[in-house]
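Here is the structure we will look at.
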Amino acid sequence: MNFVLGLDLDGVCADFYGRMREIVAELNEVPIDSLPGQVSFGLAEWGVDGIEEYRRIHRFAVTQRKLFDSMKPIPGAVPALRRLSNEGIHIRIITHRLFIPHFHQIAVTQTTTWLDRHGFLYHDLCFMKDKDLVDADLYVEDAEQNILRLQEQGKPVITFTNSTNVHTAAKRRAGSWQDAEAMIRETYYEYRSRSNLPLPTGPGKEPPSGSA
């Protein structure tokens, strides 16, 4: 019996906005400090004018600057997920990185290369727009439309806070991976208790033998 964690990548595990800020500054030939660190979905604060321009920049970022293979991990994500995986959580990455057509192979290759290089532990990798169509016992997400849709369907979701979702009506928030790990573990332990399964012997420790 597995507890499945549905895990977003961009803005949760990968510093998408930090890397995009560098790329937009390069494209516009402006100092990076001239672009505000706090940005909304769509990047209007950086002068990105509408969805078509966003698509153009995104395509350039992936194909010419290896966006999905050059981002920094969000601090604390890798060790937290390693501990949670060791405790018996099934980590299912659910990411919407194929929303622009004709370079899916590049996007998938960059994603798996990045995950392996940084030592992320995961069991499944799903490229999906509608996160709610992928089963999980708990989700971690930063995109407002996904958070609201999951909440409307009664699915438990932790909002990983960044500037794009500070005004989202989220039921549960994590401001860091330290917060997220504690919240995930609490939910997981409640799940194991309801299932009459023994708890792991400590953070990062496997459950008693034969009890996963």
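Going by my numbering, the final residue of the sequence shown carries number 1302, and the count climbs one at a time with no gaps. All C-beta atoms in this analysis are idealised placements derived from N, C-alpha and C, irrespective of residue type, glycine included. The structure presented is a predicted model; accordingly, all values stated were derived computationally and were not measured.
In the DSSP assignment, T1249 falls outside any alpha helix (DSSP H) and within the unbroken beta strand (DSSP E) covering V1247 to F1250.
Less than 8 Å divides the Cβ of F1250 from the Cβ of E1231.
DSSP places R1172 inside the alpha helix (DSSP H), whose first and last residues are A1167 to N1176. Around the beta carbon of Q1200, a 10 Å sphere encloses 16 or more other beta carbons of the protein chains shown; the residue is thus reported as buried. Note that the region 1166 to 1177 touches the region 1209 to 1222; at least 3 beta-carbon pairs, one per stretch, sit closer than 8 Å. Excluding five sequence positions before and after N1236, the CB atoms of its chain that fall closer than 6 Å to its own CB belong to K1221, given in chain order. Between the region 1119 to 1138 and the region 1243 to 1261, the count of C-beta pairs closer than 8 Å reaches three or more; the two stretches touch.
Inside the region 1224 to 1270, DSSP marks whole alpha helix (DSSP H) runs of 4 or more residues at positions 1234 to 1242, from first to last along the chain.
Counting only residues of its own chain and dropping the five nearest sequence neighbours on each side, L1238 has no CB closer than 6 Å to any other CB. Per the Cβ contact rule, the region 1137 to 1156 is not in contact with the region 1261 to 1276 (fewer than 3 Cβ pairs under 8 Å). Check the Cα spacing between A1134 and each of F1150, V1114 and R1149: the tightest is with V1114. Straight across, the Cα-Cα distance linking P1165 with F1106 is about 13 Å. Using a 10 angstroms sphere on the CB of Q1195, the tally of other CB atoms stays under 16, which defines it as exposed.
If you draw a straight line from the Cα of L1223 to the Cα of H1192, it comes to about 24 Å. Note that the C-beta distance between N1286 and H1180 is not below 8 Å. In the structure shown, G1209 adopts coil according to DSSP, grouped into three states. Pairing F1150 with L1117 gives a Cβ-Cβ distance under 8 Å. For K1219 against Y1229, the beta-carbon gap comes to about 14 Å, at or over 8 Å, which does not count as contact.
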